[in-house]
Every structure is written in C-alpha cells, then in structure tokens.
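Here's the structure we're looking at; comments come further down.
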Amino acid sequence: MRSDLDHLPHGKQRELQRLTEILFEEFADAMKCASSPKKKDGRILKIVLFGSYARGNWVDEPHTAKGYLSDYDLLIVVNQQSVVDFATYWYRAEDRLMRDTGIKTPVNFIVHTMDEVNNAIAQGQYFFSDIIKEGIALYDLKGSTLFITPEPQTAEEAVATAEKHFEERFPRIEHMLKGVGFFIAEQHLRDAAFLLHQAVERAYTCFLLVETNYAPSTHSIKFLRSLAEQIDPELIAVWPRETKHDRRLFELLKRAYVDARYSEHYAITAEELVWLGERAEILRNLVETRSRDKIEQLRAGAPTGI
Numbered sequence: 003m004r005s006d007l008d009h010l011p012h013g014k015q016r017e018l019q020r021l022t023e024i025l026f027e028e029f030a031d032a033m034k035c036a037s038s039p040k041k042k043d044g045r046i047l048k049i050v051l052f053g054s055y056a057r058g059n060w061v062d063e064p065h066t067a068k069g070y071l072s073d074y075d076l077l078i079v080v081n082q083q084s085v086v087d088f089a090t091y092w093y094r095a096e097d098r099l100m101r102d103t104g105i106k107t108p109v110n111f112i113v114h115t116m117d118e119v120n121n122a123i124a125q126g127q128y129f130f131s132d133i134i135k136e137g138i139a140l141y142d143l144k145g146s147t148l149f150i151t152p153e154p155q156t157a158e159e160a161v162a163t164a165e166k167h168f169e170e171r172f173p174r175i176e177h178m179l180k181g182v183g184f185f186i187a188e189q190h191l192r193d194a195a196f197l198l199h200q201a202v203e204r205a206y207t208c209f210l211l212v213e214t215n216y217a218p219s220t221h222s223i224k225f226l227r228s229l230a231e232q233i234d235p236e237l238i239a240v241w242p243r244e245t246k247h248d249r250r251l252f253e254l255l256k257r258a259y260v261d262a263r264y265s266e267h268y269a270i271t272a273e274e275l276v277w278l279g280e281r282a283e284i285l286r287n288l289v290e291t292r293s294r295d296k297i298e299q300l301r302a303g304a305p306t307g308i
C-alpha cells in the first residue's frame, strides 16, 4: 500500500498529519481508562486514507454555488475487538476532530480489527478490496499483520449477494416513509423526524450494500451520505447545499436519530418535514434505480441463467 501524499495540497497534508496526531492522542487517553490488562494492550495498527482524497478526485468548493466539500474518510485498524467500541474509545476523537480549528475538512472514520478487514476481503466485500487497492497508509505499525490479497467474488456470487441485500433492505425504506406520513398527519412531528432519519439511513445502507457489499455500523446519515456520493456523484443533488437553510434542514434530520427521541429542545415543523420527506423520496427513487442497474450490470457478467 502506498504512503505518499504528494498529490494533495500542502494544507491537506498538514490536516491529515494533525488528525492522525489527534487520533493517537485521544486513543491513548481512552486506553488509560481501560478496565482490564488485555484492553490496555490495545493498539492502532494502521490508519488508511481512502475515498476521494486517496484517489485524487476530491471536491473542495464550499464557497461556490455547488457548496460541496469532500470529507476525509479513514479506516482505523486495531489489534483487538475490545477497542473497536466507538462509544468507549473513539467518540472523544470524533468530537475533537469536529472542533479542532486546524482541520477545516470534515472527517469520517471506521474502526475494525485486522481479522475483520481480512475476513471481509476474503468474503468479497468490494468496499475493503478497493481500500486496499486505492488507499494510502497514514500510519502503519512496523511488523503488523498485512492485508490479504483481494480475491473477487464469482459473478454468480456477486449477483446473489447484491440481490439479497436489495430484497432485504429496500422494502424497509418504504415502511419508514409510510410511517413518516402517518405521524405528520397525526402531528407527532418528532416521531416523524425519527422515522424519516431511519428511512434515509436505510436508503444509504441499501445502496452501499448493493454497490460494495459493506455498510458501516453507524447512524450518521452524513457519513453514509459521504460514502454513497463518492460512489455515485449524482446522489449529491439529493441534498441541496447552496443555502444555509438547506444545510440547516439536513443537520436537523441528522440530529433526529437521538434528539427527536430524547431532547425536549428538539423542534421541527410540518413544513420542514415535508421538504425533507420530498428529498428522501428522491433518494429512495435514485437508490432503487441505481441498485437495479447494479444488479443488471452484475448479471450481465454472469453465465447465462443467473
């Protein structure tokens, strides 16, 4: 795996160095509170930059009409399952990365053990195979286990896997959207906001699973959106970013997973829900079209009869 960042502007290189330092600092602090000797042996083995900044096709236009800024996407590989837990070991790092004035670019990261990554590659999860092929090592512990060489699924396996994900996941989007309409009609607006968040989360998860056979275990629709938009830039248009109003409404939906259920201060209007619901339906339709296209594309490469 390559480790050079020469294709990136110096400002981006400095940000990546800074965020790597923050990840190590916050992980070290979290390890001080580990409850057992085994957990205290937790280590970061690798930090891998993947996505648009690794490939070289990032977008950095936050002040234009497009209003789009690509996120940094990172894979953090650790040595044991116990330190994968986000709430215990990584939430402070995430919070600090959002607040650090030296990092202007949004940061997303996933955490897995080396066994999880290599097992996923062995099972044909394109998401991880692509990271191995395109990713850039920001940190690689000397002597740590290597990633295995990706072996693609057979055409038959790829078709069956994509169809299974689509058939299981897509109907759930429909169920959530129907619930949103019911709760708006009943004026239970916070319940409607939560269900709408779930519809969007499930739409992105469906898309990612069909496309890559992987979706991260997260409820952050912002992170899921970022991953999906890197695969299909046409999805960017689902959520307008041109105005503060547009961005505020997406942020309101993002907060709904927790705040719509637990915060008495969370407020959303029926009009805002209708607008967000319209965007969610556009997303649902695009996910259906793109997923069916992907399955047909895979089927075209499979032997006759699949």
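Just remember that the working numbering sits 2 ahead of the position in the sequence shown, which is counted from 1.
Beta carbons: idealized from backbone N, C-alpha and C, even for Gly.
Best match in the options for proximity to residue i [C-alpha to C-alpha]
i, options, result
"K383", "D234, N121, G145, R281", "Past the edges of the chain, shown from 3 to 308, lies residue 383, and the structure says nothing about it."
"L77", "P108, E165, I134", "I134"
"I297", "E280, K166, A262", "K166"
"L140", "A164, Q15, G58", "Q15"
"D380", "T103, D43, N110", "Coverage of the chain is limited to positions 3 through 308, which leaves residue 380 absent and any answer about it impossible."
"L7", "I46, R292, Y55", "Y55"
"V61", "Q232, F168, H221", "Q232"
"L255", "F26, T156, H221", "H221"
"R250", "E280, E213, N120, E274", "E274"
"F26", "I46, Q200, I175, P11", "I46"
"D87", "V50, A36, L71", "A36"
"V260", "L51, I223, T245", "I223"
"C208", "W241, F168, E236, Q200", "F168"
"E280", "E170, L71, A239", "A239"
"Q309", "Y206, R204, Y264, E158", "This structure leaves residue 309 out entirely; the chain is present only between 3 and 308."
"Q200", "A187, Q189, E188, R171", "R171"
"Q125", "T156, D142, E96, E136", "T156"
"E17", "L51, Y70, K246", "L51"
"T245", "Y70, E236, Q189", "Y70"
"A95", "Q83, D31, A282", "D31"
"F184", "V276, G303, L237", "V276"
"N121", "L143, D142, E136, L148", "L148"
Anticipated Cβ contact below 8 angstroms, residue i with residue j, distance rounded
i, j, result
"I112", "P152", "With 8 angstroms as the limit, I112 and P152 do not qualify as a contact, their Cβ atoms being about 18 angstroms apart."
"D75", "G53", "4 angstroms"
"M116", "N81", "7 angstroms"
"R292", "D234", "6 angstroms"
"L198", "L229", "The Cβ separation is near 20 angstroms, so there is no contact."
"R4", "I150", "Rounded, the Cβ-Cβ distance is 18 angstroms, inconsistent with contact."
"V202", "R301", "At roughly 28 angstroms, the Cβ-Cβ gap does not stay under 8 angstroms, so V202 and R301 are not in contact."
"V212", "A164", "5 angstroms"
"R101", "E28", "Not a contact, Cβ separation roughly 12 angstroms."
"Y91", "V85", "5 angstroms"
"H12", "G58", "Incorrect: roughly 15 angstroms between the Cβ atoms, too far for contact."
"F252", "W241", "5 angstroms"
"R227", "Y206", "6 angstroms"
Run of the beta strand (DSSP E) containing residue i, from where it starts to where it stops
i, result
"A239", "First-last for A239: undefined, no H or E at that position."
"Y141", "138 to 142"
"K48", "46 to 52"
First and last residue of the uninterrupted alpha helix (DSSP H) at residue i
i, result
"H199", "191 to 214"
"D248", "246 to 264"
"K166", "157 to 187"
"S293", "272 to 302"
"K106", "Run containing K106: none; DSSP gives neither H nor E here."
"N81", "Unbroken run through N81: none, as it is neither H nor E."
"Q15", "12 to 34"
"A89", "88 to 91"
"A217", "Unbroken run through A217: none, as it is neither H nor E."
"I123", "116 to 124"
For residue i, the residue or residues it bridges with in DSSP
i, result
"F111", "L76"
"A63", "First, the amino acid is wrong: residue 63 is Glu here, not Ala. According to DSSP, which records beta bridges pairwise, E63 is partnered with Y70."
"R101", "Looking at the DSSP assignment, R101 forms no beta bridge with any residue, so it has no partner."
"R227", "In the DSSP output, where bridge partners are listed per residue, R227 has none listed."
"R4", "I138"
Contact test: residue i Cβ vs the ligand GDP heavy atom, cutoff 7 angstroms
i, result
"S54", "Among the components modelled here there is no ligand, and therefore nothing to report on the ligand GDP."
| task | Mind the definition here: the region 194 to 206 touches the region 263 to 283 only if three or more C-beta pairs lie below 8 angstroms; say whether that holds. | result | The region 194 to 206, when compared against the region 263 to 283, does touch it at the 8 angstroms Cβ threshold.
| message | Whether or not the region 127 to 136 and the region 203 to 221 are in contact is what I'm after, with contact meaning three or more pairs of Cβ atoms, one per stretch, closer than 8 angstroms; do they touch? | response | Segments in contact, yes.
| task | Could you tell me whether the region 179 to 188 touches the region 272 to 287, using the rule of 3 or more Cβ pairs below 8 angstroms? | result | Counting Cβ pairs under 8 angstroms, three or more are found: they touch.
| message | If contact is defined by three or more beta carbon pairs under 8 angstroms, each pair taking one atom from either stretch, is the region 21 to 36 in contact with the region 92 to 105? | response | Verdict: yes, contact present.
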